[in-house]
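Protein chains in written order, with our numbering: chain A, 123 to 239; chain B, 459 to 568.
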């Protein structure tokens, strides 16, 4: 079984300030890690994913995340946010065991990022 | 290329009524999923289909049934709706460890 905890339910920040959205996971097997973004009244869109290789992953819209296996974390960062980054962000994990080419995602509770002018 | 489409976008039901949520994808993906989204709980997997002809339960399957009609279509049925099923339902399909989500169906059960 696996679980995901997003440590902040809401994060307010001023425009052009840096932001970090925190995510910790628990799993008994190796996992793949994801961050999705949901804009109001829309579906989810993939921001970035970690499957293997470099632990620093760069995604769309200037976001990046770092996989830390020892701390079981996958925090999302952006050095300078824009008003348009206001959205809800979800961290998710999928087990990569069994050699399957698909993965059922386990999501965190979500973090609402609000960027103020 | 429409991606993942869902119908209807909105639905209001009375307790005990039945309905089917439709989902289709045009990306030739093998795997498809149904999630529900509730405030403060993220998305929870209801059912998934790893490939055409197979379906399996996810985290919260009670009160739902699914049908993988063909490779493109994956429907979710509520046989007897309950107020606890008021939620936003998302369909997704996946390839190469990336899931693509539809726009969602907002369901209110009175």
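Ideal Cβ placement from N, Cα and C applies to all residues, glycine included. On a predicted model such as this, the values are computed, not experimentally measured, just so you know.
Residue 189 of chain A beta carbon near the ligand HEM (any heavy atom closer than 7 Å): No copy of the ligand HEM appears in this structure; indeed no ligand is present at all.
Three-way DSSP call (helix, strand, coil) for residue 542 of chain B in this model: Of the three classes helix, strand and coil, the one that applies to residue 542 of chain B here is helix, per DSSP.
When B:477, B:464, B:510 are compared against residue 567 of chain B, the one with the closest alpha-carbon: Nearest C-alpha to residue 567 of chain B: B:477.
Sequence-distant residues of its chain with Cβ nearer than 6 Å to residue 223 of chain A (five each side left out): Low local confidence applies: a pLDDT of 49 at residue 223 of chain A is under 50, so the model's placement there is unreliable, with the coordinate-based value given in what follows. Result list for residue 223 of chain A: empty, nothing under 6 Å.
Distance, residue 181 of chain A Cα to residue 190 of chain A Cα: C-alpha separation (whole angstroms): 17 Å.
Residues that DSSP places opposite residue 135 of chain A in a beta bridge: Paired residue(s): A:237.
In DSSP terms, what residue 190 of chain A is bridged to: According to the DSSP secondary-structure assignment, residue 190 of chain A is paired through a beta bridge with A:195.
Nearest residue (CA-CA) to residue 466 of chain B, options B:473, B:482, B:459: The shortest Cα separation from residue 466 of chain B among B:473, B:482, B:459 belongs to B:482.
Coarse secondary structure for residue 146 of chain A, derived from DSSP in three states: Strand at residue 146 of chain A.
8 Å Cβ cutoff, residue 485 of chain B in contact with chain A: It does not: the Cβ of residue 485 of chain B has no partner Cβ on chain A nearer than 8 Å.
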